[in-house]
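Just so we're aligned, residue 5 is where the sequence shown starts under my numbering, counting upward by one. Beta carbons are placed, not taken as given, at the ideal position from N, Cα and C, and that holds for glycine. In this text the structure is predicted, and so the values were computed from the model without any measurement.
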Amino acid sequence: MTKIVQPLTAEVTIVTSFQDADPMGVIYHGNYFRYFEEARHALMAKIGYSYREMQASGYVWPIIDTRVKYVKPLPFNHAIRVTATLTEWENRLRVDYVIFDLDNGQRLTKAHTMQVAVHIDGGDMCYVSPTVFTDKVEAYHAGKTE
Numbered sequence: 005m006t007k008i009v010q011p012l013t014a015e016v017t018i019v020t021s022f023q024d025a026d027p028m029g030v031i032y033h034g035n036y037f038r039y040f041e042e043a044r045h046a047l048m049a050k051i052g053y054s055y056r057e058m059q060a061s062g063y064v065w066p067i068i069d070t071r072v073k074y075v076k077p078l079p080f081n082h083a084i085r086v087t088a089t090l091t092e093w094e095n096r097l098r099v100d101y102v103i104f105d106l107d108n109g110q111r112l113t114k115a116h117t118m119q120v121a122v123h124i125d126g127g128d129m130c131y132v133s134p135t136v137f138t139d140k141v142e143a144y145h146a147g148k149t150e
């Protein structure tokens, strides 16, 4: 494994929407996954492995596990910062997330998702992440960005 020079992290800023809230004005818990997705998309773009590039490489990466810790409720029309950090990549893809209040920096939510590579042809799950992905991660960690 390459020595990590720079951790693979991305962040996005989002203003929560009225349509994402429940009748009490709090963001419905299922909508948090859309926010995580935005941050994960930015994370994968940093290494040039977007969803189209995943597909072109012959793999899909379904989510197999997730965990969310709702620390404080999110109101609608509220600015948040969502960070995504790749913490595992050799056998599965684990991304850790934190949602912060953009104004005061307070942590509001933390979570993670796990994904595995699946061959598009045949649908076989990979027990080791494909080199097309791990090579990109290793290059990024070594400071060799594209």
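Nearest residue (CA-CA) to residue i, options the options
i: A68; options: V99, I51, E142; result: According to the sequence provided, residue 68 is Ile. The question's Ala does not apply to it. Out of V99, I51, E142, V99 has the C-alpha closest to the C-alpha of I68.
i: A88; options: Q10, M48, P27; result: M48
Where residue i sits in the DSSP three-state scheme
i: T6; result: Residue placement at T6 is flagged as unreliable, the pLDDT there being 49, under the threshold of 50; the coordinate-derived value follows with that caveat. Correct three-state label for T6: coil.
i: E94; result: coil
Cβ shell of residue i (< 8 angstroms), same chain only, five flanking positions each side left out
i: I84; result: T17, I18, V19, T20, Y39, L78, I103, F104, D105, L106, L112
Contact belief for residue i with residue j at Cβ below 8 angstroms, rounded distance in angstroms
i: F80; j: G29; result: 6 angstroms
i: L90; j: V141; result: 7 angstroms
i: K50; j: A25; result: Contact doesn't hold; Cβ gap of about 31 angstroms is too wide.
Neighbourhood of residue i by C-beta distance below 6 angstroms, restricted to the same chain and skipping five residues each side
i: S61; result: V136
i: M118; result: I68, D69, R96, R98
Paired residues, beta bridge with residue i - DSSP
i: D106; result: It should be pointed out that residue 106 corresponds to Leu in this sequence rather than to Asp. Answer is none; L106 lacks a bridge partner.
i: I51; result: None, per the DSSP bridge assignment.
i: M58; result: Partner(s): none; M58 has no beta bridge.
Close-in-space but distant-in-sequence residues of the same chain around residue i (CB under 7 angstroms, 5 per side omitted)
i: T6; result: A caution first: T6 carries a pLDDT of 49, below 50, which makes its placement in the model unreliable, though a value can still be read off. Answer for T6: E142, H145, A146, listed in chain order.
i: Y74; result: H33, T113
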